[in-house]
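Residue numbers (my numbering): 52 to 159. C-beta: ideal position from N, C-alpha, C; glycine also.
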């Protein structure tokens with residue numbers, strides 16, 4: 052349907068949908084592992100919500116610690132501290148991404 056109308060299509064959605072459709076046609080409802088399908092589809096719902104929450108928290112942290120103090124800074128020590136915090140924040144976020152990447156391969 053999406054291809055017919057020219058809408059963008061995710062290859063992951065296409066592959067999962069094709070496998071479920073083929074399983075239903077070939078072997079009926081018993082041929083589909085519904086628990087695995089529930090895990091995959093729940094990740095499609097949870098990922099954008101969790102991504103929005105994390106990006107909002109990162110934005111608030113950067114705004115409070117780094118960006119906001121640059122314009123309202125009256126104390127040079129506070130300005131220096133806020134400028135030094137940003138690289139550590141980036142390193143922390145890279146560490147979180149790396150941990151999640153390893154966790155993905157450990158669990159699956």
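Candidates the options: closest to residue i by CA position
i: residue 138; options: 158, 60, 112 and 61; result: 112
i: residue 115; options: 104, 151, 103 and 134; result: 134
Supposed contact pair residue j and residue i - C-beta distance, whole angstroms, cut 8 Å
i: residue 71; j: residue 83; result: 6 Å
Residue i vs residue j beta-carbon contact at 8 Å
i: residue 109; j: residue 144; result: yes
Residue i versus residue j - alpha carbon distance
i: residue 74; j: residue 80; result: 7 Å
i: residue 62; j: residue 88; result: 16 Å
i: residue 107; j: residue 60; result: 27 Å
i: residue 246; j: residue 69; result: Given that the chain is displayed from residue 52 to residue 159, the structure contains no residue 246 and the question cannot be resolved.
i: residue 151; j: residue 77; result: 37 Å
i: residue 93; j: residue 64; result: 12 Å
i: residue 55; j: residue 96; result: 24 Å
i: residue 147; j: residue 85; result: 31 Å
i: residue 104; j: residue 98; result: 10 Å
i: residue 155; j: residue 149; result: 10 Å
i: residue 58; j: residue 100; result: 22 Å
i: residue 136; j: residue 158; result: 33 Å
Boundaries of the alpha helix (DSSP H) in which residue i is found, first to last residue
i: residue 90; result: 85-113
i: residue 55; result: 53-56
i: residue 60; result: Note, residue 60: premise wrong, no alpha helix (DSSP H); not H, not E.
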